[in-house]
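Colleague: The structure under discussion is supplied below as structure tokens; questions concerning it will follow.
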Amino acid sequence: MIRNFGPARSAGVILAFIVSVCLPVVLFASDAEKGYRHIKDISYVPEDETDEYRRERCRLDIYYPEDTDGFATLVWFHGGGLEGGSKSLLDEFRGRGFAVVDANYRLSPKALCPSYIEDAAQSVAWVMEHIAGYGGSPDQVYVGGHSAGGYLALMVTLAKGYMAACGADADRIVKAYPVSGQTFTHYAIRAERGLPRNLPVIDSLAPSNNVRKDGAPVMLITGDDDLEMLSRYEENLILYVLLKNLGHPVELYQLEGFDHGTVLSPAACLIRDDIIRLWKESSSR
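In my numbering, each residue carries its 1-based index in the sequence shown increased by 94.
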């Protein structure tokens, strides 16, 4: 399903969308967060890991409700072009009844492909194995991320081999939420190969080259096609068509009037409401 929101039609439409969906979190975050715990810098690699850079970067934060059993968990990957950035908790995800795991991963060029994809898969596998110890359900694990984080979320979800190498099944992921993620081979990977950024590459390291009929549903979200990064909406549209043609459950949201950075807040609102809906549906069965 392709849905568009935005001031390209009416500035009031998108303003109403932000106020009705996002503003309550900002106004009542302090009250909503009562009963939540935030544990930071937990290593998700084996204790005998000898790579110092991996031991430094492969850490995650867990934000979870202390008085809820069987809660859903969103594993979230930060953006930064696979070359920068760090984990942080989005305000839109605070106090909403589900847990958020923010994961760091190794960065290019200090670590080369597929190191960061392997780290993303390892963090999701760790959550599936350990979240029950915090009160969460290992069968209610979602993944998402912004920009480079969206790329990682797609690769972990669609390219099953990365999770399998960690002893986990990618198809246990309930749903994936990439925001403005590349669906062709990532810019940073092209740079590692000495290729120009504007030369499209679609190989085994492209989410669009890992499409399959089965697996977790995918909600693709981008900003306005006139404001986004070069070809970002179009890449997501191609992945949408490829998945849809295979019968893979997929949605595409283009949020008009938002660019690559500003799309994150309204996208997070869509994601959090979808997780709450799916978790409630699962709990009522």
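Every residue gets a Cβ at the ideal spot worked out from N, C-alpha and C, and that includes glycine.
If you're wondering where the values come from, they're calculated on a predicted model, not measured in any experiment.
In the DSSP assignment, find the unbroken alpha helix (DSSP H) run with L176 in it and report its ends.
Modeller: No alpha helix (DSSP H) holds L176; DSSP gives it neither H nor E.
Colleague: Straight-line CA distance for I283 to L299?
Modeller: Computed Cα separation, rounded: 8 Å.
Colleague: Excluding five sequence neighbours on each side, which residues of the same chain lie with their C-beta closer than 8 Å to the C-beta of E223?
Modeller: P232, A262
Colleague: Of the residues R190, P290, Y138, which one's Cα is nearest the Cα of Y130?
Modeller: Residue R190 is the option with its Cα nearest to Y130.
Colleague: Using DSSP with H/G/I as helix, E/B as strand and the rest coil, what is A102?
Modeller: With a pLDDT of only 40 at A102, under 50, the local geometry of the prediction cannot be trusted, and the value read off the model is given with reservation. Coil at A102, not helix or strand.
Colleague: I'd like the ranges of any alpha helix (DSSP H) spanning at least 4 consecutive residues and lying wholly in the region 349-375.
Modeller: Given a length threshold of 4 residues, the region 349-375 has no whole run of the alpha helix (DSSP H) inside it.
Colleague: Just checking, does the region 347-364 make contact with the region 318-331 on the three C-beta pairs under 8 Å criterion?
Modeller: yes
Colleague: DSSP three-state label for V344, please.
Modeller: V344 sits in a strand when the DSSP states are folded into three classes.
Colleague: State the DSSP-derived secondary structure class of R287, mapped to helix, strand or coil.
Modeller: In the structure shown, the three-state DSSP call for R287 is coil.
Colleague: Where does K269 land, buried or exposed, given buried means 16+ other C-beta within 10 angstroms?
Modeller: buried
Colleague: The alpha helix (DSSP H) that contains G239, what's its start and end?
Modeller: Here G239 belongs to no alpha helix (DSSP H); instead the beta strand (DSSP E) covers 230-240.
Colleague: How about V237 and A253: are their beta carbons less than 8 Å apart?
Modeller: No. Outside cutoff.
Colleague: Contact check, K381 vs G255 under 8 Å by CB: the rounded distance?
Modeller: The shown model of the chain, from 95 to 379, leaves out residue 381, and the question about it has no answer.
Colleague: What are the boundary residues of the alpha helix (DSSP H) that includes R190?
Modeller: First-last for R190: undefined, no H or E at that position.
Colleague: Grouping DSSP H, G and I as helix and E and B as strand, with all else coil, what is P203?
Modeller: coil
Colleague: What is the DSSP secondary structure of I267, reduced to helix, strand or coil?
Modeller: Coil, per DSSP.
Colleague: Between the region 270-277 and the region 198-206, do three or more beta carbon pairs fall short of 8 Å?
Modeller: Cβ pair count under 8 Å is below three, so no.
Colleague: Tell me whether K374 is buried or exposed, calling it buried when 16 or more other Cβ atoms sit within 10 Å of its Cβ.
Modeller: exposed
Colleague: Within the same chain, show all residues whose beta-carbon is closer than 7 Å to that of A361, passing over the 5 residues directly before and after it, in chain order.
Modeller: Taking A361 as the centre and dropping the five residues before and after it, the same chain places the C-beta of V273, I315, L349 closer than 7 Å to its C-beta, in chain order.
Colleague: With H, G and I counted as helix, E and B as strand and the rest as coil, what does DSSP make of V295?
Modeller: coil
Colleague: Compare the beta carbon distance of A193 and L154 with 8 Å and say whether it is the shorter of the two.
Modeller: No, they are not a contact pair.
Colleague: Run the CB neighbour count on S209, radius 10 Å, all protein chains shown included, and call it buried at 16 or more, exposed below.
Modeller: buried
Colleague: Just the C-alpha distance for A219 and E212, rounded to the nearest angstrom, thanks.
Modeller: When rounded, the distance between both Cα atoms is 10 Å.
Colleague: Anyone know if the C-beta pair for L333 and T277 falls short of 8 Å?
Modeller: yes
Colleague: Helix or strand or just coil, what does DSSP make of R379?
Modeller: coil
Colleague: DSSP three-state call for T167: helix, strand or coil?
Modeller: strand
Colleague: Taking the alpha carbon of G175 as the reference point, which residue from R287, A258, I267, G244 has its own alpha carbon closest?
Modeller: G244
Colleague: With a 10 Å radius around its C-beta and 16 neighbouring C-beta atoms as the bar for buried, classify L364 as buried or exposed.
Modeller: The residue is buried, with at least 16 neighbouring Cβ atoms inside 10 Å.
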